[in-house]
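There are 2 protein chains.
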Amino acid sequence: MKLIYSGKTKDVYQTEEGNMLLKFKDDVTGENGVFDPGANTVGLTMEGAGKAGLKLTTLFFQKLNKKGIPNHYIDSDIEEATMTVIPATQFGEGLEVICRYKAVGSFLRRYGKYATEGQKLDGFVEITLKDDERQDPPINEDALKMLGILTKEEYQVIKNLTVKIAEMVKEELIKREIELYDIKLEFGKDPDGNIILIDEISGGNMRAYKEGQYIPPMELERIVVSS
Amino acid sequence: MKLIYSGKTKDVYQTEEGNMLLKFKDDVTGENGVFDPGANTVGLTMEGAGKAGLKLTTLFFQKLNKKGIPNHYIDSDIEEATMTVIPATQFGEGLEVICRYKAVGSFLRRYGKYATEGQKLDGFVEITLKDDERQDPPINEDALKMLGILTKEEYQVIKNLTVKIAEMVKEELIKREIELYDIKLEFGKDPDGNIILIDEISGGNMRAYKEGQYIPPMELERIVVSS
């Protein structure tokens, strides 16, 4: 297998069958040793973080498949911490699509004049550019179109899929009395040109709370996978 | 007359007839003594800057009136550096609506991964919150709606008016071989609930270039008003 790309939390290989294989690492994003799903740097390494992320991702992607929501999942090998996926091309040099149910993180840092911490948000969707150097700037529909990153139609498809996927995750968490505050998704195009969910769905790309307490990624995996 | 508000570049008074009177100051926005239309602080004081801004504003608002584009202008007293305007309420605690023809300033700082300096932009409109503390964050249509600042209909009206007004300014400048790079507008609601252009249209809220050279506000006024 050929290593295509070594990311902050995953390595990406090409398989002999022409699929991609994601190797989940034990590195998580954060700053100064503290986990932060919104951070752009690897903050710390936690043994088992990769497998935990993969378990949760596998559980959610299998649920998406049952619902017919298009995504890149083929299968997983938990022991090896790898997931085989459909090859997909990203939009531009990569986008992050965020769905928010509570005002926290960068939303609050930007719009704190109009929102209080923890205020309910109605599944608000926004897109940021993956650009570490420029701190992942938010970008609107018109700019995405003008810069040739997303057509208006693609923007709508991605927004609608994001709401559906976030709603599914939210419902799954509520069953365990966990509240989803926000979630960050990535999309790509499969070889047929269909827009599909790529990357992962784990504690590493969402903020989940129980009784007002933030639940770190590995604990989230334990609660969700074991119940 | 009662002083209602003292802003960075204007003081606002209430007249006895129930209108508002804007007194243009000689203070301009910038940093460390250098003018910058995108800055949030008063950078320097230039004698005559207030009158120059008012002359240009008056010229543009009178042209808007001829075209039937709704705005707050009633009349001006150049000697006193004052403009009488219709009282209007702002949206939320104030918005800035930017129309861009060239990639410069904060657009380039945010989207430099996809745009080069001076690249042509197709009259791209974006909205930022007036919030000095948070560096005037950009905000999209959905967030403006969710936070109760603009309805979807108001967003469309403002976007359409912005394009029309920016286009008019651009045309006026082209006649003097000046190129408009970007312009920052403000809107409010008049007592009947109509959306109207408020504030000013001057060198202080646009970037204008001649033969690739930036033209400072007072020079812009001299070129445009005298020709």
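Heads up: the protein sequence lines correspond to chains A and B, in order.
Just so it is clear: in the first sequence, position 25 is 25 by UniProt numbering, and no numbers are missing.
Just so it is clear: in the second sequence, position 91 is 91 by UniProt numbering, and no numbers are missing.
Cβ atoms here follow ideal geometry from the backbone N, Cα and C, with glycine treated the same way.
Just reading off the beta strand (DSSP E) that residue i is part of, what are its end residues?
{"i": "residue 14 of chain A", "result": "10–14"}
{"i": "residue 104 of chain A", "result": "Premise fails: residue 104 of chain A is in no beta strand (DSSP E) and is neither H nor E."}
{"i": "residue 181 of chain B", "result": "179–189"}
{"i": "residue 127 of chain B", "result": "120–129"}
{"i": "residue 46 of chain B", "result": "No beta strand (DSSP E) contains residue 46 of chain B, which DSSP labels as neither H nor E."}
{"i": "residue 31 of chain A", "result": "27–31"}
{"i": "residue 168 of chain B", "result": "Element bounds for residue 168 of chain B: not the beta strand (DSSP E) but the alpha helix (DSSP H), 152–175."}
{"i": "residue 24 of chain A", "result": "20–24"}
Name, please, each residue of chain A whose Cβ falls closer than 7 Å to the Cβ of residue i.
{"i": "residue 39 of chain B", "result": "By Cβ distance, chain A contributes nothing, its closest Cβ being about 19 Å from residue 39 of chain B, past 7 Å."}
{"i": "residue 115 of chain B", "result": "147"}
So if DSSP puts residue i in a beta bridge, which residue, or which two residues, is it bridged to?
{"i": "residue 71 of chain A", "result": "A/197"}
{"i": "residue 6 of chain B", "result": "B/11"}
{"i": "residue 76 of chain A", "result": "A/83"}
{"i": "residue 138 of chain A", "result": "A/128"}
{"i": "residue 98 of chain B", "result": "B/126, B/184"}
{"i": "residue 89 of chain A", "result": "A/189"}
{"i": "residue 229 of chain B", "result": "In the structure displayed, chain B extends from 1 to 227; residue 229 of chain B sits before or after that span and is not available."}
For a contact defined as C-beta to C-beta under 9 Å, what are the partners of residue i on chain A?
{"i": "residue 111 of chain B", "result": "129, 131, 134, 137, 139, 143, 147"}
For the alpha helix (DSSP H) that residue i lies in, which residues bound it at each end?
{"i": "residue 218 of chain A", "result": "217–226"}
{"i": "residue 39 of chain B", "result": "Unbroken run through residue 39 of chain B: none, as it is neither H nor E."}
{"i": "residue 209 of chain B", "result": "Element bounds for residue 209 of chain B: not the alpha helix (DSSP H) but the beta strand (DSSP E), 206–210."}
Got a sec: is the Cβ-Cβ distance from residue i to anything in chain C below 8 Å?
{"i": "residue 10 of chain B", "result": "The chain inventory of the structure shown lacks chain C, comprising the protein chains A and B."}
Could you please tell me which residues of the region 120–147 of chain A, in chain order, have their CB closer than 8 Å to any CB of chain B? 121, 122, 124, 125, 126, 129, 131, 133, 134, 137, 138, 139, 140, 141, 142, 143, 146, 147
So does the region 26–44 of chain A actually touch the region 187–201 of chain A, counting three or more Cβ pairs closer than 8 Å? no
Proximal residues, the region 82–95 of chain B versus chain A, C-beta separation under 8 Å: 92, 93
Quick check: the region 129–148 of chain A against the region 119–138 of chain B, are there 3 or more CB pairs under 8 Å? yes
Flag this pair as touching only if the region 78–94 of chain A and the region 88–105 of chain B have three or more C-beta atom pairs under 8 Å; answer yes or no. no
Could you check whether the region 207–224 of chain B touches the region 181–190 of chain B, counting it as contact only if at least three pairs of C-beta atoms, one from each stretch, sit closer than 8 Å? yes
Given 8 Å, three or more beta-carbon pairs between the region 163–173 of chain B and the region 40–52 of chain B: no
Are three or more beta carbon pairs between the region 14–27 of chain B and the region 44–63 of chain B nearer than 8 Å? yes
Would you say the region 110–120 of chain B touches the region 61–72 of chain B, given that touching needs at least three Cβ pairs under 8 Å? no
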